[in-house]
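In what follows, a single structure is set out as C-alpha cells and then discussed.
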Amino acid sequence: MQKRILLATLIILIILWFTRWDVAASKTYNNGVAHWKHDTWTGAVIAEKYFISWPGNPKVDKKTVRKGIVPSNTATSIWFGLLLVNSAWLLYVIKKEGDSSAN
1 MQKRILLATL IILIILWFTR WDVAASKTYN NGVAHWKHDT WTGAVIAEKY FISWPGNPKV
61 DKKTVRKGIV PSNTATSIWF GLLLVNSAWL LYVIKKEGDS SAN
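Letter by letter, the sequence shown follows residues 1 to 103 of my numbering.
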C-alpha cells in the first residue's frame, strides 16, 4: 500500500515538472528572437532574448520581468528535494519488502 502512494507521488512530481513553464509570447527581431516564459509554479515571468547574429553560439540574455511568490531557483530546489526524498523512500520500501519476503 505504501509503495502505491509513493509511486503515485513520484508520478505527480514528474508531471508537475513537465507542466511548469508556459511560453506566454514570442517576438522576432532583425537580430534574434524574444520569448516570455511564465513559471506556473511561482507566477514569475522571464524574458529570454536569443541573438542570432552572435558569431559561433547564439547569445542568450535572461531577465526576470515579474517576480513570483518565491524565486524560481527556490521552487526548483524544493521540487528536486521532494523528488530525491520520495525516490529514496520508495527504494527503501521496495528493499524492505524484498527482505521480508525472503524470510
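C-beta: ideal position from N, C-alpha, C; glycine also.
If you're wondering where the values come from, they're calculated on a predicted model, not measured in any experiment.
From I94 to K3, what does the alpha carbon distance come to, in whole angstroms?
Stepping through the sequence shown from its first residue, residue 94 is reached at position 94. Stepping through the sequence shown from its first residue, residue 3 is reached at position 3. Here the alpha carbon of I94 sits roughly 7 angstroms from the alpha carbon of K3.
Would T28 be called buried (16 or more neighbouring beta carbons within 10 Å of its own) or exposed?
Along the sequence shown, one-based indexing puts residue 28 at 28. T28 should be labelled exposed.
If you follow the beta strand (DSSP E) that T28 is in, where does it begin and where does it stop?
Taking the first residue of the sequence shown as position 1, residue 28 is located at position 28. Where T28 is concerned, the enclosing beta strand (DSSP E) stretches over 21-29.
Grab the span of the alpha helix (DSSP H) containing T9 for me, first residue to last.
As a first step, residue 9 is located in the sequence shown; it is residue number 9 there, counting from the start. In this chain, the alpha helix (DSSP H) harbouring T9 covers 2-18.
Quick check: what's the CA-CA separation for N57 versus D99?
The residue labelled residue 57 in the question sits at position 57 within the sequence shown. The residue labelled residue 99 in the question sits at position 99 within the sequence shown. Between N57 and D99, the C-alpha separation is close to 53 angstroms.
Given V33 as reference, the closest of F51, R20, I46, D22 once Cα atoms are compared:
Looking up residue 33 in the sequence shown gives position 33. Nearest C-alpha to V33: F51.
Output the distance between the C-alpha atoms of A8 and I15, rounded to the nearest integer angstrom.
Residue numbering aside, residue 8 sits at position 8 when the sequence shown is read from its first letter. Residue numbering aside, residue 15 sits at position 15 when the sequence shown is read from its first letter. The straight-line gap from Cα to Cα measures roughly 11 angstroms.
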